[in-house]
Each structure stands twice: as C-alpha cells, then as structure tokens.
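To start, the structure under review is shown below, and the notes come after it.
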Amino acid sequence: MSLFVIGDLHLSFGTDKPMDIFGGWENHHGMLQKAWLQTVHADDTVVLAGDTSWGMTMEEALPDFQWIHELPGRKIILKGNHDYWWTTVTKMNRFFEENGLDSLHLLHNNHYAYEAYGICGTRGWVNMDHDEPANAKVNAREAQRLEVSVTSAETAGLKPIVFLHYPPIYGASCNYEMLDVLWKHHITHCYYGHVHGSSHRHAINGMREDVCYHLISGDFLQFSPEIVL
Numbered sequence: 014m015s016l017f018v019i020g021d022l023h024l025s026f027g028t029d030k031p032m033d034i035f036g037g038w039e040n041h042h043g044m045l046q047k048a049w050l051q052t053v054h055a056d057d058t059v060v061l062a063g064d065t066s067w068g069m070t071m072e073e074a075l076p077d078f079q080w081i082h083e084l085p086g087r088k089i090i091l092k093g094n095h096d097y098w099w100t101t102v103t104k105m106n107r108f109f110e111e112n113g114l115d116s117l118h119l120l121h122n123n124h125y126a127y128e129a130y131g132i133c134g135t136r137g138w139v140n141m142d143h144d145e146p147a148n149a150k151v152n153a154r155e156a157q158r159l160e161v162s163v164t165s166a167e168t169a170g171l172k173p174i175v176f177l178h179y180p181p182i183y184g185a186s187c188n189y190e191m192l193d194v195l196w197k198h199h200i201t202h203c204y205y206g207h208v209h210g211s212s213h214r215h216a217i218n219g220m221r222e223d224v225c226y227h228l229i230s231g232d233f234l235q236f237s238p239e240i241v242l
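Numbering (this note's numbering), first residue to last: 14 to 242.
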C-alpha cells in the first residue's frame with residue numbers, strides 16, 4: 014500500500030479544451046495513464062491536487078471522472094482554481110454515488126487516514142494582493158479550511174501531511190496566512206501544484222523553515238504520480 018500525489022491533470026474528455034497547444038502537454042493523458050498503471054495499484058491512494066477537469070459542470074466533467082475512476086487506487090480530490098465544476102460537497106458526493114464513482118473522494122474541511130498519517134488540504138490562494146478586501150476574505154477562508162482539515166487529523170491521532178493547489182511560497186512571495194497554519198501545527202511536508210512551464214524555475218522544492226515543499230503539478234512530474242509514502 015502506497016500514497017501518491019499529482020496535480021493539474023487538466024482533463025477535457027467532456028469538453029473542448031485541448032492542452033497540447035502548450036509545450037510538454039502533448040498526449041499528456043496518455044502519458045499519465047501509462048505511468049499510473051505502471052506504478053499505482055488497487056490498494057494505493059492518489060491525491061489529485063486540483064485542476065482535475067476542465068468541465069464547467071459535474072455533467073461536463075463526468076467523462077474525466079469516469080476515466081480517473083477506471084485507474085487503480087483510491088483517489089482523493091481537492092479543488093483547484095480551474096475546477097469550475099466544483100459545487101457543494103453534498104451535491105458532488107451524490108453525483109459520484111449516482112454514477113458509481115466510488116473510488117473518488119473529496120478533500121474539503123476534512124481529512125483521510127493513511128496508515129498513521131492524515132491526508133489534509135485545501136485549494137489555498139494566491140500570494141499577492143492580500144490588501145484587497147476580496148482577496149483577504151478568500152485567503153482567510155482558505156487558511157481556516159486548512160486549519161479545520163489539519164485539526165481533524167490531529168484529533169484522530171494522525172500526523173498531518175498537507176496538500177494544496179496554490180503554492181504557499183513562490184519565489185520571494187509568501188502567503189503568511191497559510192504558512193502560519195503549517196508552522197502552528199509543525200507540518201513537515203507540503204505538496205502543491207498550479208505552477209507550470211517556465212514558472213517551475215521559481216518554485217520552492219525543498220526545506221524552508223522546517224517545512225519540506227514539493228511541486229507536484231502534472232507537467233513538472235512529466236505526468237507520473239509522485240510517491241509520498
């Protein structure tokens with residue numbers, strides 16, 4: 014049994030949003046499927062760290078969910094900035110149940126147990142313009158969601174591992190609201206996506222103030238899920 018992570022699948026089987034217009038994304042779903050089948054087994058867990066489907070609704074995203082469901086393992090999905098299909102947890106869980114997607118699970122104000130660890134996370138928010146009231150409100154909400162997720166794992170006696178979509182640190186920019194949650198709970202590993210292409214060079218990979226950060230966007234990993242544990 015192993016735990017994997019990958020972000021930014023940007024699937025579009027149910028809508029016209031090809032990714033091969035971007036360098037390095039040609040046949041990315043084929044590369045992902047091949048790598049997944051070679052590394053992930055039925056009793057493994059894979060965290061999908063946001064931007065899973067380009068579908069604008071659950072119905073548009075259904076072919077993408079079905080494609081993911083057919084791959085081995087339990088999948089835990091958190092929200093990305095392009096997951097426009099995302100609605101309430103109740104509606105999404107009902108949709109998954111109605112369509113037989115029992116391998117898909119939502120990470121939202123909760124955690125999932127993996128051995129002695131708690132899989133925790135939220136979307137996060139951008140690292141700039143926090144003086145704008147709208148950004149400050151969203152960022153505070155996301156920090157609170159991370160707090161709830163991590164606290165729920167600790168209450169269950171688990172060691173939290175954090176998965177985000179947005180990076181809490183990018184270049185010289187820091188999202189201190191999110192970082193405060195990581196520091197408060199002594200989080201040692203934080204995985205994030207969102208960053209693509211030439212922007213990879215500005216991403217933080219490695220230790221920073223006692224937290225090890227890992228960039229796991231799909232193109233950075235060359236569409237091969239990264240092992241966590």
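A virtual CB, placed ideally from N, CA and C, is assigned to each residue, including glycine. In this text, all values refer to a predicted model and were calculated from it rather than measured experimentally.
Counted within 10 angstroms of its Cβ, other Cβ atoms place residue i as buried (16 or more) or exposed
{"i": "Asn40", "result": "exposed"}
{"i": "His124", "result": "buried"}
{"i": "Trp251", "result": "As displayed, the chain neither begins before 14 nor continues past 242, which places residue 251 out of reach and without an answer."}
{"i": "Ser211", "result": "exposed"}
{"i": "Glu110", "result": "exposed"}
{"i": "Glu72", "result": "exposed"}
{"i": "Asn188", "result": "buried"}
{"i": "Ile182", "result": "buried"}
{"i": "Ala55", "result": "exposed"}
{"i": "Pro238", "result": "buried"}
Residue from the options with nearest C-alpha to residue i
{"i": "Leu84", "options": "Lys92, Leu50, Gly210, Phe35", "result": "Leu50"}
{"i": "Leu45", "options": "Ala55, Gly20, Asn122", "result": "Gly20"}
{"i": "Gly68", "options": "Gln79, Thr58, Val60, Val59", "result": "Gln79"}
{"i": "His202", "options": "Ala153, Leu242, His124, Asp232", "result": "Leu242"}
{"i": "Thr135", "options": "Val194, His209, His215, Cys225", "result": "Val194"}
{"i": "Asp223", "options": "Asp232, Tyr125, Phe233, His198", "result": "His198"}
{"i": "Glu190", "options": "Ala48, Ile89, Val151", "result": "Val151"}
{"i": "Ala74", "options": "Ile229, Ala216, His23", "result": "His23"}
{"i": "Val161", "options": "Ile132, Asn148, Ala149", "result": "Ile132"}
{"i": "His42", "options": "His54, Met14, Ile81, Asp29", "result": "Ile81"}
{"i": "Pro173", "options": "Arg154, Ala126, Gly113", "result": "Ala126"}
{"i": "Lys92", "options": "Glu128, Asn112, Val60, Gly219", "result": "Val60"}
{"i": "Gly231", "options": "Ser165, Phe26, Thr65", "result": "Thr65"}
{"i": "His121", "options": "Arg154, Ser25, Asp77", "result": "Arg154"}
{"i": "Asp29", "options": "Asp77, Val18, Gly63", "result": "Asp77"}
{"i": "Asn94", "options": "Arg87, Asp57, Gly137", "result": "Gly137"}
DSSP-derived helix/strand/coil call for residue i
{"i": "Tyr205", "result": "strand"}
{"i": "Gly20", "result": "strand"}
{"i": "Ile200", "result": "coil"}
{"i": "Leu75", "result": "helix"}
{"i": "Ala166", "result": "helix"}
{"i": "Pro173", "result": "strand"}
{"i": "Tyr189", "result": "helix"}
{"i": "Lys88", "result": "strand"}
Beta strand (DSSP E) runs wholly inside the region 208-239, at least 3 long, in chain order: 219-221, 224-228
Any alpha helix (DSSP H) of 4 or more consecutive residues that is wholly inside the region 115-144: none
Cβ contact check for the region 200-216 and the region 174-184: 3 or more pairs under 8 Å: yes
Completely contained alpha helix (DSSP H) runs for the region 31-77, where each covers 4 or more residues: 41-52
Contact the region 27-38 vs the region 99-113: 3+ CB pairs below 8 Å: no
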